[in-house]
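Here's the structure, in structure tokens; my notes come after.
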Amino acid sequence: MKWSKHIGPDHKSAAGRMNTENETETRSVFSDLPSTSSAWHSTEDEASPITLGERPFTEGSTFASTSTHWDPSPSSGASTETLMVATAGVPPSNALRSAPKAFGPRGIVASLLSFILAAALITAATMATRKVVHGKQPPVESLVAKKQKPPKPKPKLTLDLTKDEEISFPKRPEGAYSYFGPAPDIKVSSDQQSIQRYEAALGAASVQLSQAWNSASSIVQEAFCKHFMPRLKEGVTVPAPLAMFERHAEALRSTSIGEQSSTTEKRNYVARLLLVTSVLHAASARISSLTELETFCKNTGMGSVLLGIKAVPLPSAEQLSSIGKGEEANTAKVSYSRFLDLVQDCHAPDKSSGARSNQGIPEVLAMRLVNVLKSEMLHEQHNTRVTKAFDMLLDALGRESPSHKASLVNRSGFLMSPGNRPFSTPAFEFALAELGKLNKDHAVSPRDIASWSHSWTVHGVLSILQWLEAKECQWLDNKRNDKEEATQVFQELWVGTHVPAHDLYSLAVALL
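In full-length UniProt numbering, the protein residues as written are 1 to 512.
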């Protein structure tokens, strides 16, 4: 039996009326629906239009009449299914009042199913046009050819000031300077063979710094960033310290110097090579020194404020006082005279001077004090090692040691870093002198050690250890303040602007 579905009123207007004379017999695709539906009827019966309920109508309103048609063709053996939509103006009609009777629940279901079928057909057609492969839509980039932008050129290494900043330093009688800046006379040869030797030294210093940093522990790296790199702000450390040194070496390698360059350009280029090489050597020496201090602390159970390492706890004062009592009293304790023998290489006083105590303290307590003094000696050796890294540069420039800041104003002697920023050797020499004096004042003197003979008891030595720890904390604070002051003096007297953290002068002073 053939089925046909008609949804829509039988309008008298030509645009909205379904022409029953030309209507093709259709069979609904919903063949499973029963024939008792008020929305579906056999073509053998008289066609009865389905009317929708009366609703407000305004001029120009439209109503869509939908018909689903399936017609098997005996001649071709093929079947076609079409979805026809006709739209026409709908005038007010009293025939719509009978809709509640005809448009029942099954009619609503049939309408919804027809719309779902239409949506499925549209979706299938859309997916087919997009050539869906394995059930996935190809990316948009494959459908729409985007215009590829050419890659941006890698920006050049910038170490100079920003456009809004200017370098202002006192003019010298020599007048205008070349691009390489005002450099003092250097007492080194600047021939091509010597330049190649200095360039090789720069490369070796760069490799040495990289190896020292990569082999250092996280404790050493953290201490280096905290105490020997320029401070960005309170509590913030430099994220990539190695890159801050390497960028100066890379900028210097990009400088073109050949045999055709003038003597002044060659001399200033050699000065830059010596400057960067010295800073790299100083950084390597500082990292190696921190690694050596870490090894010493691990082997002795010592703590270090510089490294942030806690010492192995000592027994309590009561426990220490009870050690060595009884028959082993003499062998279990260390006298002050024996202590002096253990610290002879730590600025210990002469045994013949001062009063001597006959009392003894437990060996574990005496050895802790010995190791504290040895760690002080390590600090002194490490600072000397870093200072010597600048010897070649300062000797080549004619080393001077100004005694006060006022003498700096009338002195010339500018190097220019690879970023074309001024590096004042007088200001740096002054920073060396001030920090060297601070390190000397921090060292435990023979007079201090001699005074400990009057406190050679358990409680007395414990107090000495606390004093030495507080002394180290104060030394680190004073050292940080002196470094910041040295940078401020440089920027106030010559540069006139803020000295950034990546500046070579800032890096060199921070390593002291």
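From the three backbone atoms N, C-alpha and C, an ideal C-beta is built for every residue, glycine too.
Inset, instruction - Flag this pair as touching only if the segment 477-489 and the segment 445-461 have three or more C-beta atom pairs under 8 Å; answer yes or no. - result: no
Legend entry - Cβ-based neighbour list, residue 540, same chain, cut-off 8 Å, excluding 5 preceding and 5 following: Missing from the structure shown is residue 540; the chain here goes from 1 to 512 and no further.
Inset, instruction - Round the Cβ separation of Ser284 and Ala212 to the nearest angstrom and send it over; I've been treating them as touching at under 8 Å. - result: As a first step, residue 284 is located in the sequence shown; it is residue number 284 there, counting from the start. As a first step, residue 212 is located in the sequence shown; it is residue number 212 there, counting from the start. Right, the Cβ-Cβ distance comes to about 5 Å (below 8 Å), so this counts as a contact.
Legend entry - Complete alpha helix (DSSP H) runs within the segment 239-285 (minimum length 4 residues, chain order): 241-253, all fully within the segment 239-285.
Legend entry - Sequence ranges, beta strand (DSSP E) only - wholly within the segment 303-349, length at least 3: 333-335
Legend entry - Nearest neighbour of Gln193, chosen from Lys266, Glu363 and Ala204 [CA to CA]: The residue you call residue 193 lines up with position 193 of the sequence shown. It is Lys266.
Inset, instruction - Taking 8 Å as the cut-off, decide whether the C-beta atoms of Leu504 and Leu273 are in contact. - result: Within the sequence shown, the letter at position 504 stands for residue 504. Within the sequence shown, the letter at position 273 stands for residue 273. No; because the gap between Cβ atoms is not below 8 Å, this pair is not in contact.
Inset, instruction - Name the residue from Gly436, Ala510 and Glu222 whose alpha carbon lies nearest to the alpha carbon of Pro239. - result: For the purposes of this step, residue 239 is identified with residue 239 of the sequence shown, where counting begins at 1. The shortest Cα separation from Pro239 among Gly436, Ala510 and Glu222 belongs to Glu222.
Legend entry - Cut-off 6 Å between Cβ atoms - residues of its own chain near Thr300, not counting five sequence neighbours on either side: One-based indexing of the sequence shown puts residue 300 at position 300. Cβ neighbours of Thr300 beyond the five flanking positions: Asn371.
Legend entry - Cβ-Cβ distance between Ser281 and Ala205 below 8 Å: Position 281 of the sequence shown, counted from the first residue, corresponds to residue 281. Position 205 of the sequence shown, counted from the first residue, corresponds to residue 205. Checking the displayed sequence, the identity of residue 281 turns out to be His instead of Ser. Yes; because the gap between Cβ atoms is below 8 Å, this pair is in contact.
Legend entry - At least three beta-carbon pairs within less than 8 Å, the segment 255-271 to the segment 363-383: No: the two stretches stay apart, fewer than three of their Cβ pairs being nearer than 8 Å.
Legend entry - Terminal residues of the beta strand (DSSP E) in which Pro362 lies: Numbered from 1 along the sequence shown, position 362 holds the residue referred to as residue 362. Counting along the chain, the beta strand (DSSP E) containing Pro362 begins and ends at Gly360 to Pro362.
Legend entry - Residue range of the unbroken alpha helix (DSSP H) whose run includes Ser455: The count along the sequence shown starts at 1 and reaches residue 455 at position 455. No alpha helix (DSSP H) holds Ser455; DSSP gives it neither H nor E.
Inset, instruction - Specify whether the segment 330-350 and the segment 437-448 touch according to this definition: at least 3 beta carbon pairs, one from each stretch, less than 8 Å apart. - result: yes
Legend entry - Per-residue burial, Gly360 [other beta carbons within 10 Å of its own, 16 or more giving buried]: Counting from 1 along the sequence shown, the entry for residue 360 is found at position 360. It counts as buried.
Inset, instruction - Flag Lys266 as yes if its beta-carbon sits less than 8 Å from any beta-carbon of chain D, otherwise no. - result: Among the protein chains of the structure shown there is no chain D, as only one such chain exists.
Legend entry - Proximity below 8 Å, CB of Arg368 to CB of Leu307: Counting from one through the sequence shown, the residue named residue 368 turns up at place 368. Counting from one through the sequence shown, the residue named residue 307 turns up at place 307. Not in contact: Arg368 and Leu307 (Cβ atoms no closer than 8 Å).
Legend entry - Distance between Asn439 and Gln474 (C-alpha atoms, nearest Å): Position 474 of the sequence shown holds residue 474. Position 439 of the sequence shown holds residue 439. If I take the Cα positions, the gap works out to 12 Å.
Legend entry - From Ala317, Glu429 and Gly303, residue whose alpha carbon lies closest to that of Thr457: The residue given as residue 457 occupies position 457 in the sequence shown. It is Ala317.
Legend entry - Cβ-Cβ separation, Leu435 to Ala477 (assumed contact under 8 Å), whole Å: For the purposes of this step, residue 477 is taken as the residue at position 477 of the sequence shown. For the purposes of this step, residue 435 is taken as the residue at position 435 of the sequence shown. Here residue 477 is Asp; the residue named in the question, Ala, does not match the sequence. The Cβ separation is near 13 Å, so there is no contact.
Inset, instruction - Please state whether DSSP places Ser289 in a helix, a strand or coil. - result: Reading the sequence shown from its first residue, position 289 is the one you call residue 289. Helix at Ser289.
Legend entry - Backbone CA spacing between Asp191 and Arg197 [nearest angstrom]: Stepping through the sequence shown from its first residue, residue 191 is reached at position 191. Stepping through the sequence shown from its first residue, residue 197 is reached at position 197. Taking the straight line from one Cα to the other gives about 10 Å.
Legend entry - Distance between Pro241 and Arg247 (C-alpha atoms, nearest Å): Here the question's residue 247 lines up with position 247 in the sequence shown. Here the question's residue 241 lines up with position 241 in the sequence shown. One C-alpha to the other measures close to 10 Å.
Legend entry - Same chain only: Cβ atoms within 7 Å of Arg231, ignoring 5 sequence neighbours per side: On the sequence shown, residue 231 is found 231 positions in, with the first residue counted as 1. Cβ neighbours of Arg231 beyond the five flanking positions: none.
Inset, instruction - Let me know the secondary structure DSSP gives Phe423 once reduced to three states. - result: Taking the sequence shown and counting its residues from 1, one reaches residue 423 at position 423. Phe423 falls in the strand class under three-state DSSP.
Legend entry - Where Glu472 falls, given that 16 or more other Cβ within 10 Å makes a residue buried: Residue mapping note: residue 472 aligns to position 472 of the sequence shown, counting from 1. So Glu472 counts as buried.
Inset, instruction - Spatial neighbours of Ser335 within its chain, please: CB distance less than 6 Å, with the 5 preceding and 5 following residues excluded, ordered by chain position. - result: By 1-based counting over the sequence shown, the position of residue 335 is 335. Cβ within range, chain order: Gly360.
Inset, instruction - Quick one: measure Cβ to Cβ for Phe296 and Ser375, integer angstroms, because I've assumed they're closer than 8 Å. - result: Translated into positions along the sequence shown, residue 296 becomes position 296. Translated into positions along the sequence shown, residue 375 becomes position 375. About 7 Å; that satisfies the 8 Å criterion.
Inset, instruction - Find out if the Cβ-Cβ distance for the pair Leu378, Leu507 is shorter than 8 Å. - result: Numbered from its first residue, the sequence shown carries residue 378 at position 378. Numbered from its first residue, the sequence shown carries residue 507 at position 507. Cβ distance not < 8 Å, so Leu378 and Leu507 don't count as in contact.
Inset, instruction - Please work out which residues of its chain come closer than 7 Å, Cβ to Cβ, to Ala396, disregarding the five sequence neighbours upstream and downstream, and give them in chain order. - result: Against the sequence shown, residue 396 aligns to sequence position 396. Closer than 7 Å at the Cβ level, and outside the excluded window around Ala396, lie Ile186, Lys187, Val188 and Leu274.
Inset, instruction - Drop a sphere of 10 angstroms on the beta-carbon of Gly203, count the other beta-carbons inside from all chains shown, and report buried for 16 or more, exposed for fewer. - result: Residue numbering aside, residue 203 sits at position 203 when the sequence shown is read from its first letter. The residue in question, Gly203, is exposed, as its Cβ has fewer than 16 Cβ neighbours within 10 Å.
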